[in-house]
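Going down the list, the protein sequences come from chains L and U. My numbering puts the first residue of the first sequence at 1359, with every later residue one more than the last. My numbering puts the first residue of the second sequence at 1359, with every later residue one more than the last. Report on one structure; see the data block that follows.
There are 2 protein chains.
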Amino acid sequence: MRQAGRYMSEYRTLRERYSLLDICRTPDLATEVTLQPVRRIDVDAAILFSDLLLPLEPLGIPFDFIRGEGPAIETPLRSEADLARVRRFEPRESLGYVLEAIRQIKRALAGRVPLIGFAGAPFTLASYAIEGGHSSNFAHTKLLMYGAPAAWHRFCDTLADVIGDYLVAQIDAGADAVMVFDSWVGALNASDYREFILPHTKKIFDRVEAATDVAPIARAHVGAGLDGAGVPTIHFGVGTGSILGEMRDAGGDVIGADWRTPLDEAWDRIGPDRAVQGNLDPTLLLGPLDRIFAATDDVLARAGGRAGHIFNLGHGILPSTPVEHVQALARYVHQKTRQ
Amino acid sequence: MRQAGRYMSEYRTLRERYSLLDICRTPDLATEVTLQPVRRIDVDAAILFSDLLLPLEPLGIPFDFIRGEGPAIETPLRSEADLARVRRFEPRESLGYVLEAIRQIKRALAGRVPLIGFAGAPFTLASYAIEGGHSSNFAHTKLLMYGAPAAWHRFCDTLADVIGDYLVAQIDAGADAVMVFDSWVGALNASDYREFILPHTKKIFDRVEAATDVAPIARAHVGAGLDGAGVPTIHFGVGTGSILGEMRDAGGDVIGADWRTPLDEAWDRIGPDRAVQGNLDPTLLLGPLDRIFAATDDVLARAGGRAGHIFNLGHGILPSTPVEHVQALARYVHQKTRQ
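Shown next, in the form of structure tokens:
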């Protein structure tokens, strides 16, 4: 996660000339940035360089990124009427530049590693649209969720439709796997997750599954889509220790876990029939190599060599991370797991 | 938590004339603000109005509050040398104004409800001192923790000494219970908590226990200090679902749980020999009364009438909360639990 970004000098150089949105909206630039970490780090997959918020603009919710402060929605949605004003759109038209980037990246990769596409999940997208940016408490979002549940559900249903279509379009353009980011859904407890989120996130996974040609029954028999049949889906959030079982029920061949829950405990909550992605604390990558390797040993020991463990960070790489630490981590994981 | 604050008009009126630090440092004002919610809401305890950061100044880490942005440390600690520069201090001298406020509040309360004092725990205090304010990832803090463990431990040991003394001084001044806020420690996993935090937080609880005259064995027999023998201690954090057992081992007659973990599950992790405080989502208080009451019913059902449940929010009251909702919640809990 955030495999490409400010911790790499070649990315910072590009950012001197182009904004984050310029890069996302220009397939040549998105391709270049997506490939930067693939050239420098021994990763097993390329991750589409893009931004969770791109679907907001065609939904009728314009935004920008303020340097040093993150995303800023021009007019946050704060009422039932605001929620009702969002419009469905056709991702193949409005987000065609992302799909073109995917096609270019796939050509450039030439089969070297697979490409993972992604999109934001309803709670996380809704929280940006309603809070207007980052939030520590999601007060506006929850006020609408609790106070206007019918409008909330209609809004999230719209989000689920466009995100489902968007992910299918990414797959059609060449993405080999897709990840659904519900980064902030850990702010909810299990009961609220079931009521307000699960049906919508499930709709996204059902849509992707229906479009990718492998019947659910076959899928269950082929080891969670990990042997190449169908297109694997990944479902990720942060601080989700209490709702891993609910996220699993919403969908995803692979469930992401952050570093707060030990990997074996997380897997117990998720269940043995799903793959698990995780879960090194990304702040460890700032620190001394012996700490990185010791914590990596712990993650690998807890995975216990089970099929279906995708070694990963529990959240995105921080801008102040030395690239040498990321390189060393990738080499170390390969050395340990290929023995 | 944040029982007094911006959601009350009488507090906002005072804040037009006085800064947050003025109020904390002026016993008459701290007394007035502490009593404001006791007058308006049917609460079972008064909570000292103060701020977690007050000990930073006598430690040699000056700070201020920037309106709308929260705390700002003038020169954040970023190196081993910075950590080594903090100085121990005598809370009875440097924080005498807090102790005077406690004496005034106790006189004003005249036994109507008990008074809860508090202080910040090492991780949370360290994170403010090192990050310089609020943080979403605690990158600087963890960099020092992982990268300079000896300096980290010496720093936290100093914090534990002064916080332990400070809480004992609060009890001597009249506090009937004390709460240790490790608000942000949920950013750590259990393994890091055990290594970097537990010994220091335990030192605080041991210090308070040793000073409050009830032998540990007697304490275990009197129902976690809740029948009036000794001074009950409360240990609180947010997002701590994965480390509740470790926090319990660090200490506290009462362990706080936020809304992410259902109360019965939290209690299972904490163990039956401790009391539990929690765990309504404070954002619910913004919302419709029927939602507040339904979620309250769920918390009470999960507590199952067990002795040692302290009904509370899982985190602080938000500034936009209607005071009528807080009043209605307190009445509702009393009505349900006194039946």
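Glycine is no exception: its CB is placed at the ideal position from the N, C-alpha and C atoms. As the structure is a computational prediction, the values presented were derived from the model and not from experiment.
Self-check item: Nearest-angstrom beta carbon gap, PRO1385/L and GLU1458/L [assumed within contact, 8 angstroms]
Solution: So it is a contact: roughly 4 angstroms between Cβ atoms.
Quiz item: Under 8 angstroms Cβ-Cβ, which residues of chain U neighbour LYS1500/L?
Solution: Near LYS1500/L (Cβ distances below 8 angstroms), the residues of chain U are ASP1639, THR1641, LEU1642, LEU1644, GLY1645.
Practice problem: Quick one: measure Cβ to Cβ for LEU1638/L and VAL1657/L, integer angstroms, because I've assumed they're closer than 8 angstroms. | Solution: In this structure LEU1638/L is in contact with VAL1657/L, their Cβ atoms being roughly 6 angstroms apart against a cut-off of 8 angstroms.
Self-check item: Cβ neighbours of ASP1534/U in the same chain (closer than 6 angstroms, five flanking residues each side left out)
Solution: Contacts found: PRO1472, LEU1473.
Quiz item: Using DSSP with H/G/I as helix, E/B as strand and the rest coil, what is PHE1496/L?
Solution: DSSP places PHE1496/L in coil when its eight states are reduced to three.
Quiz item: In the DSSP assignment, what residue or residues form a beta bridge with MET1537/U?
Solution: Here MET1537/U is bridged, per DSSP, to PHE1476/U, ILE1592/U.
Quiz item: Does any C-beta atom of chain L lie closer than 9 angstroms to the C-beta of GLY1599/U?
Solution: Put simply, the CB of GLY1599/U is near chain L, with a gap under 9 angstroms to one of its CB atoms.
Self-check item: For VAL1566/U, the three-state DSSP class (helix, strand or coil)
Solution: In this structure, VAL1566/U counts as helix in the three-state DSSP scheme.
Quiz prompt | Cβ-based contacts, 9 angstroms cut-off: residues of the stretch 1533-1551 of chain U near chain L | solution = For the stretch 1533-1551 of chain U, which is checked against every Cβ of chain L, the residues closer than 9 angstroms are GLY1544, ALA1545, LEU1546, ASN1547, ALA1548, SER1549, ASP1550.
Quiz prompt | Below-9 angstroms beta-carbon distance, GLY1505/L vs any chain U residue | solution = GLY1505/L counts as touching chain U.
Self-check item: Closer than 9 angstroms to chain L by CB, ASP1656/U
Solution: Yes, ASP1656/U counts as interfacial toward chain L.
Practice problem: With PRO1416/L as the anchor, note down where its alpha helix (DSSP H) starts and where it stops. | Solution: Residues 1414-1417.
Quiz item: Cα separation between HIS1692/U and LEU1525/L?
Solution: HIS1692/U and LEU1525/L have their C-alpha atoms roughly 50 angstroms apart.
Quiz item: Interface residues of chain U around PRO1620/L at Cβ under 9 angstroms?
Solution: Within chain U, the residues near PRO1620/L are ASN1547, ALA1548, SER1549, SER1600.
Quiz item: Quick one: what does DSSP say LEU1676/U is sitting in, helix, strand or coil?
Solution: Secondary structure of LEU1676/U (DSSP, three-state): coil.
Practice problem: Whole angstroms is fine: what's the gap from LEU1643/L's alpha carbon to VAL1684/U's? | Solution: Distance between the alpha carbons of LEU1643/L and VAL1684/U: 43 angstroms.
Quiz item: Any idea which residues DSSP pairs PRO1429/U with across the strands?
Solution: Its beta-bridge partners are PHE1423/U.
Self-check item: Start and end residues, alpha helix (DSSP H) containing GLY1610/L
Solution: Run containing GLY1610/L: none; DSSP gives neither H nor E here.
Quiz item: Just checking, does the stretch 1391-1403 of chain U make contact with the stretch 1496-1506 of chain U on the three C-beta pairs under 8 angstroms criterion?
Solution: At 8 angstroms Cβ cutoff, the stretches do not touch.
Practice problem: Tell me LEU1638/L's beta-bridge partners as DSSP assigns them. | Solution: Beta-bridge partners of LEU1638/L (DSSP): LEU1671/L.
Quiz item: Does LEU1525/U get closer than 9 angstroms to chain L when you measure Cβ to Cβ?
Solution: LEU1525/U does not count as touching chain L.
Quiz item: Using a Cβ-Cβ cut-off of 7 angstroms (strictly less than) and excluding sequence neighbours within five positions of ALA1688/U, which residues of its own chain qualify?
Solution: Cβ neighbours of ALA1688/U within its own chain (closer than 7 angstroms, five residues either side excluded): ILE1399, ASP1400, VAL1401.
Quiz item: What does a CB cutoff of less than 8 angstroms around MET1366/U pick up in its chain, not counting 5 residues either side in sequence?
Solution: Taken in chain order, the residues that qualify are GLN1394, PRO1395, ARG1398, VAL1681.
Quiz prompt | C-alpha gap between ALA1506/U and ALA1487/U, whole angstroms | solution = ALA1506/U and ALA1487/U: Cα-Cα distance of roughly 16 angstroms.
Quiz item: Where GLY1522/L and ASP1515/L are concerned, what is the direct C-alpha to C-alpha distance, given to the nearest angstrom?
Solution: Spanning the two alpha carbons is a distance of roughly 10 angstroms.
Quiz prompt | With 16 other Cβ atoms within 10 Å as the buried cut-off, status of SER1377/L | solution = The residue is exposed, with fewer than 16 neighbouring Cβ atoms inside 10 Å.
Exercise. Quick one: grab the DSSP three-state call for ALA1633/U.
Key: In the structure shown, ALA1633/U sits in a strand (DSSP, three-state: E or B).
Practice problem: Flag ALA1497/U as yes if its beta-carbon sits less than 9 angstroms from any beta-carbon of chain L, otherwise no. | Solution: Interface criterion met: the Cβ of ALA1497/U is under 9 angstroms from a Cβ in chain L.
Self-check item: Helix, strand or coil at ALA1653/U [DSSP, three-state]
Solution: Residue state for ALA1653/U is assigned as helix, using DSSP reduced to three classes.
Quiz item: Does any C-beta atom of chain U lie closer than 9 angstroms to the C-beta of HIS1492/L?
Solution: So yes, HIS1492/L belongs to the interface.
Self-check item: Min CB distance ARG1364/U to chain L below 9 angstroms
Solution: Not one chain L Cβ lies under 9 angstroms of ARG1364/U.
Quiz item: Between which two residues does the alpha helix (DSSP H) harbouring HIS1627/L extend?
Solution: A small fix is needed here, since residue 1627/L is Arg in this sequence, not His. Here the alpha helix (DSSP H) through ARG1627/L covers 1621-1628.
Quiz item: Near LEU1379/L, what residues of its chain come up, given a Cβ to Cβ distance below 8 angstroms and the 5 sequence neighbours on each side ignored?
Solution: Within the same chain, Cβ atoms closer than 8 angstroms to the Cβ of LEU1379/L are found at ASP1409, ASP1422, PHE1423, the five residues on either side in sequence being excluded.
Quiz item: In whole angstroms, what is the alpha-carbon distance linking PHE1539/U and THR1679/L?
Solution: Straight across, the Cα-Cα distance linking PHE1539/U with THR1679/L is about 30 angstroms.
Quiz prompt | GLU1427/L to SER1493/L span [Cα, whole Å] | solution = Rounded to whole angstroms, GLU1427/L to SER1493/L spans 12 angstroms at the Cα level.
Quiz item: With distances taken between CB atoms, is the gap from ALA1624/L to ALA1665/L smaller than 9 angstroms?
Solution: Taking 9 angstroms as the cut-off, the beta carbon of ALA1624/L is found no closer than this to the beta carbon of ALA1665/L.
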